[in-house]
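Below: the structure, in C-alpha cells.
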Amino acid sequence: MVDFGGWDMPVAYGSQIEEHHAVRSAAGVFDVSHMCVLDLIGAGTRELLSRLLANDVARLQVPGGALYSCMLNQQGGVIDDLIVYYLARDQFRLVVNAGTRDKDLAWIGEQAAPLQVRQLVRRDLAMLAVQGPLARQRTATLLSSQAASAAMALQPFHGAQIGEWFIARTGYTGEDGFEIMLPAGEAAALWHGLNAAGVRSCGLGARDTLRLEAGMNLYGSDMDEATNPLECGLAWTVAFEPAGRDFIGRAALETIRARGCAHKRVGLVLNERAVLRSHQRVVVAGVGEGAVTSGTFSPTLSRSIGLARVPSTTGSEVLVEVRSRLLPALTVRPPFVRHGRSVIQLPGEETSA
C-alpha cells in the first residue's frame, strides 16, 4: 500500500506481472474510487464546458456520450485531463484526477459562478474499472438480464445510468471494459462477485504498465500546467473548429501552432537490458536534449519502453542516460500494444498486429 493523491492505494495484490497479463488476456478489476466524480448541473452547463474544455462538448448530443479532453489555463498549459459524460440537457459528469482534485474544483467553480452552474461532488459513489478482453462478458454475469443487455449494447466511449449504477465503456488500459460508478456501500460486493467470476484484483503497478503500453499519458508525469497538448501527444483532443469557440487557452495554442511546436512526444524502446524511468535525459545527436516523462519494463514486449518529450526535429534514434551511461533507444509512435499484441515495428522484427 502507498500514498497516491492522498489515498492509500495498493501497488499490487500479489504479482504485478500476473495482474498485467490477466488484463491483457482475460480480465482484471481496479478500484479507482480515488478519482473525483463531479456532476455539473444547471442551464448554463454546456456553455461552461464549451469554454472550459479544449475539446468540443458540442460533439455530445446523445445522453451517455463521453468525451476525453484537457482543461487548460490561459497559457495553454494542462490543468488536468478528464472525461466528461453527457447525462441530461442540463447535467454533465466529469471524472478528474485525484491529485488535482482541489485545484480542479476551485478552477471549475471560478468559471461556473457567473453561469450559475452547481457543482456536486459525488462522494457517495465508488468507482471500479473492469478491463480486459473478457471484462464485459464477466461483468454481465453479475447483472440482471435487462441491465446486462443494456451494458453489453454500449458503444465505446458511451455510458448509461442502469438503476443506481452508471456503467461506461471506457478505461485506461488499452483494453475493452467498463468503468462502473455505483453507491459506495455496494462496491465490495461487486468486487468479490467479479473475483468469483474470474476477474483478477489489480493494483497501481499493473495499471501503470498497462496504460504506458497503450501510450496513454499520466497527469503530472507526461503533462502538467507547464506543458501544452500540442507537445505531449494530445493535439487530437484540441478542437480548433468551430473557429468562434473561445475556449480557455485557445489564443496561446494558436500562437504555438502558428510558430511551430518546439517539442513533441515520442515513444521510446530501449535496445539494452535496463529500465527507462521518468526524468532520464534524452540526447538527440546534433539537435538537442529532451527527457523521459514515463518509463517502465513492458511485460507484454519483454523490454523497456517509455514516453519522452524531445525536440520536434528528433529522428528515429536517440541516447538515454541510464545510471550515467548513454544507451541507444529507438523512437516509435505510441501505442506500443493494442489488443494484447505489439504494434511497433523494430529492426529485424515484424509486428503481430
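The sequence shown maps to residues -8 to 344 in this note's numbering. Virtual Cβ for every residue (Gly too), placed ideally from N, Cα, C.
For F157, the closest C-alpha among the options Y77, G100, N64 and N208 is that of Y77. Within the same chain, and ignoring the five residues on either side of S60 in sequence, the residues whose Cβ sits closer than 6 Å to its Cβ are L44, A45, N46 and T228.
Boundaries of the alpha helix (DSSP H) around D199: L195 to E204. With contact defined as three or more Cβ pairs closer than 8 Å, the stretch 135 to 142 and the stretch 29 to 40 are not in contact. Within a 10 Å sphere around the beta-carbon of L111 sit fewer than 16 other beta-carbons, which makes this residue exposed.
Note on Q7: 16 or more other CB atoms within 10 angstroms of its CB, so buried under the neighbour-count rule. For S140, the uninterrupted alpha helix (DSSP H) run begins and ends at S136 to M143, by DSSP. Per DSSP, E280 is not a residue of any alpha helix (DSSP H); the beta strand (DSSP E) it occupies stretches across G279 to S289. Taking 3 residues as the minimum length, the stretch 30 to 55 contains no beta strand (DSSP E) run wholly inside it.
The beta-carbon separation of A320 and L259, rounded to 5 Å, stays under the 8 Å limit for a contact.
Between I171 and V108 the beta-carbon gap is near 26 Å, outside 8 Å, which marks them as no contact. Contact between the stretch 281 to 288 and the stretch 201 to 214 is present, with at least three C-beta pairs closer than 8 Å. Taking G100 as the centre and dropping the five residues before and after it, the same chain places the C-beta of Q110 closer than 7 Å to its C-beta, in chain order. In this structure, the alpha-carbon of V48 lies about 30 Å from that of Q137. R314: not part of any beta strand (DSSP E); DSSP gives it neither H nor E.
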